[in-house]
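Notes follow the structure.
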Amino acid sequence: MNYSFKAFGLNIQSEFPFQGIEIPEKGFFDITVTKGHFPPYLQKPKVSGLSFESDYDNIVLKIPNVANFLIKNGKKVIIDKFESSEIKEVELFFMGSVMAVILMQRGIVPFHGSSFEKDGKCIIISGNSGAGKSTLLRNFIEQGFRALTDDVCALSIKNNKVILTPSYPSSKIWSDVMTKYKLTKTKEKQVRPNIEKYRQSFAQSFCNTPLEVESIYILKSKNTREFTLGEIRGFEKFKELKSNLYRPKFPEATNKEKETFIILNQLASQAKLFHITRSTSIELLESFNEFSTLHILE
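Here the numbering used here runs 1200 ahead of the position in the sequence shown, where the first position is 1.
Spelled out as structure tokens, the structure:
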């Protein structure tokens, strides 16, 4: 049985029941996803990393105890699922690292961040894993803003402007934050066994329109009770943007370093860029939300 859905602006037909934006079963598909077995290596890799091999056109992505993925030219994915893994685990990596490879193979830059719409433009919240991107996104959703994506931002250039194409209406939130916002936690929503992180839909607050990127806020966690905000200027902007790519090795692995440079350089010229430092203490969440809301929405 095949499943049809849309994510990151691409129509996908899959033998796996992954979540996404529902689309008609018949029509044009940008990507096909099938089940299959294959050697977890390439004959002549040009770039290798801890969990992948690439000859540019093909990338093998290896996720221990979950699945191996063969990604071909941004158009086809073959998934060799381990018997012990759950479909939701495979989906987690497909919607993250695998889609990042597909985007990169298509010349679209995957940037690490969550985003929402403000006054017809896009605000990106970036930072390392665990910095609080999804938590802060939930804060803005609760205030009535529409979200575009969680975790992976698909960036491209249209009419000389960097735009973000929405992904799909779902985010991944830690258990303590779910409790704080009184969101329901179930085993079905848990993204992986033994990890207290849960999938939460924002379908009712989803913006499905590609938007120009206006500003980016990079979260930094520190052992402090104070919050600070500072603007990043000059060449430091490009360096910060490059360091916050989703999987920084992927431009080299897909031979798309030139395309990545062009998009990031345009983004550095176009968007304002800020650091926000924060404590990860759940006790300070409300204070941090108030601080962020004041500065991001001013």
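Even glycine gets a Cβ: it sits at the ideal position worked out from N, Cα and C.
Residue(s) in a DSSP beta bridge with residue i
i     : result
D1280 : N1268
L1210 : A1207
Q1400 : S1371
N1258 : K1272
S1356 : I1363
R1306 : The partner list for R1306 (beta bridge, DSSP) is empty, contrary to what the question assumes.
T1232 : Q1213 and K1276
A1347 : F1316 and F1406
V1247 : S1254
R1392 : I1395
S1326 : G1313 and I1418
I1263 : A1267
K1321 : K1318
I1221 : K1206
Buried/exposed call for residue i, threshold 16 Cβ in 10 Å
i     : result
D1319 : exposed
P1310 : buried
I1323 : buried
L1485 : buried
S1326 : buried
R1306 : buried
K1235 : exposed
L1411 : buried
N1268 : buried
N1202 : exposed
R1425 : exposed
T1386 : exposed
Q1343 : exposed
F1314 : In the sequence as presented, Phe is not what sits at residue 1314; that position holds Ser. Buried: at least 16 other Cβ atoms inside 10 Å.
F1294 : buried
S1481 : exposed
S1254 : buried
E1379 : Sequence inspection shows Thr at residue 1379; the Glu mentioned does not correspond to that position. Exposed, since its Cβ has fewer than 16 Cβ neighbours within 10 Å.
I1463 : buried
N1394 : exposed
N1359 : exposed
L1303 : buried
H1312 : buried
K1226 : exposed
P1451 : buried
L1210 : buried
L1494 : exposed
S1443 : exposed
L1270 : buried
F1488 : buried
F1228 : exposed
Cβ separation of residue i and residue j, assumed to be a contact under 8 Å, to the nearest whole Å
i     : j     : result
F1252 : V1266 : Actually they are not in contact, since the Cβ atoms of F1252 and V1266 sit about 14 Å apart, beyond 8 Å.
D1345 : Y1417 : As written in the sequence, residue 1345 is Phe, which differs from the Asp given in the question. So it is not a contact: roughly 14 Å between Cβ atoms.
V1413 : V1362 : 5 Å
V1233 : M1299 : The pair is not a contact, with the Cβ atoms about 11 Å apart (cut-off 8 Å).
F1427 : T1477 : 7 Å
V1277 : I1308 : Incorrect: roughly 16 Å between the Cβ atoms, too far for contact.
T1365 : S1356 : 7 Å
D1257 : K1275 : Contact doesn't hold; Cβ gap of about 10 Å is too wide.
D1280 : F1238 : 6 Å
S1421 : A1331 : 6 Å
S1415 : K1472 : 4 Å
S1329 : A1207 : About 20 Å separates the two Cβ atoms, so there is no contact after all.
S1297 : L1261 : 6 Å
K1382 : V1391 : Rounded, the Cβ-Cβ distance is 20 Å, inconsistent with contact.
K1333 : L1429 : K1333 to L1429, Cβ: 16 Å. No contact.
Residue-chain proximity (residue i, chain B), Cβ-Cβ < 8 Å
i     : result
H1475 : No chain B is present in this structure, which holds just one protein chain.
Uninterrupted beta strand (DSSP E) stretches inside the segment 1399 to 1456 (no shorter than 3 residues): 1411 to 1421 and 1428 to 1432
Inter-stretch contact (C-beta, 8 Å, three-pair minimum) for the segment 1288 to 1307 and the segment 1331 to 1343: no
Segments assigned beta strand (DSSP E), at least 3 residues, entirely inside the segment 1465 to 1493: 1472 to 1478
Sufficient close CB pairs (3 or more, under 8 Å) joining the segment 1240 to 1250 to the segment 1215 to 1225: no
The segment 1436 to 1443 / the segment 1459 to 1477 touching (three or more Cβ pairs under 8 Å): yes
Three-pair Cβ contact test at 8 Å for the segment 1372 to 1388 versus the segment 1418 to 1437: no
Given 8 Å, three or more beta-carbon pairs between the segment 1393 to 1411 and the segment 1454 to 1464: no
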